[in-house]
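Peer 1: In our numbering, each residue's number is its place in the sequence shown (first place is 1) plus 1. Beta carbons: idealized from backbone N, C-alpha and C, even for Gly.
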Amino acid sequence: MKWTDVKKDISSISQEDKNLIELTALLASLRREKNMTQKELAEKVHVSQAQIARVENFSYAPSLKTITKIADGLNLELTFIDKTTKELVKN
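The following block contains the structure:
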C-alpha cells in the first residue's frame with residue numbers, strides 16, 4: 002500500500018473515531034504501564050479478556066459504559082463534556 006492511500010484513509014476518519022482511537026490506545030498503554038495483563042483487567046471489570054483485546058486492537062468500538070469500566074479498572078477518572086449541555090460529566 003502506498004503512503005498516499007494510507008493518508009487518504011486516515012484523513013477520512015471522523016474526529017469522533019479519531020478521539021475513540023486515541024482514548025483506547027491511551028487505556029491500553031496505561032494498562033501495560035501498570036504491568037496488568039488483559040486477563041487481569043478483564044477480571045477486575047467483569048468483561049472477557051477477548052473484549053479487552055478487541056478494544057485494544059480497534060476491532061470493536063466500545064460503548065461509553067465499557068470505556069468507563071476499563072478506566073475504573075485502571076483507577077482512572079474520565080471527564081467528558083456533554084455536547085448538549087456543555088457541562089463536564091465524570092465517571
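Within 8 Å (strictly less), CB to CB, does I71 reach chain C?
Peer 2: No chain C appears in this structure, which consists of one protein chain only.
Peer 1: Kindly give me the distance between the Cβ atoms of I71 and L42, rounded to whole angstroms, as I take these residues to be in contact under 8 Å.
Peer 2: Here residue 71 is taken as the residue at index 70 of the sequence shown, counted from 1. Here residue 42 is taken as the residue at index 41 of the sequence shown, counted from 1. Indeed, because the Cβ distance is near 7 Å, the residues count as touching under 8 Å.
Peer 1: Considering only the alpha carbon of each residue, which of E17, Q39, N58 lies closest to Q50?
Peer 2: Along the sequence shown, one-based indexing puts residue 50 at 49. Of E17, Q39, N58, the residue nearest in Cα terms is Q39.
Peer 1: In three-state DSSP terms, what is I14?
Peer 2: Position 13 of the sequence shown, counting from 1, holds the residue named residue 14. DSSP places I14 in coil when its eight states are reduced to three.
Peer 1: What is the rounded straight-line gap between the Cα of D48 and the Cα of L75?
Peer 2: Counted from its first residue, the sequence shown places residue 48 at position 47. Counted from its first residue, the sequence shown places residue 75 at position 74. Reading off the sequence, residue 48 comes out as Val, not Asp. One C-alpha to the other measures close to 14 Å.
Peer 1: Determine the direct distance from the alpha carbon of A62 to that of R55, and round the result to whole angstroms.
Peer 2: Counted from its first residue, the sequence shown places residue 55 at position 54. Counted from its first residue, the sequence shown places residue 62 at position 61. Computed Cα separation, rounded: 8 Å.
Peer 1: Quick one, are the C-beta atoms of T86 and L79 less than 8 Å apart?
Peer 2: For this step, residue 86 is matched to residue 85 along the sequence shown. For this step, residue 79 is matched to residue 78 along the sequence shown. Not in contact: T86 and L79 (Cβ atoms no closer than 8 Å).
Peer 1: Can you have a look at E57 and say buried or exposed, based on whether 16 or more other CB atoms are within 10 angstroms of its CB?
Peer 2: For the purposes of this step, residue 57 is taken as residue 56 along the sequence shown, with counting starting at 1. That one is buried.
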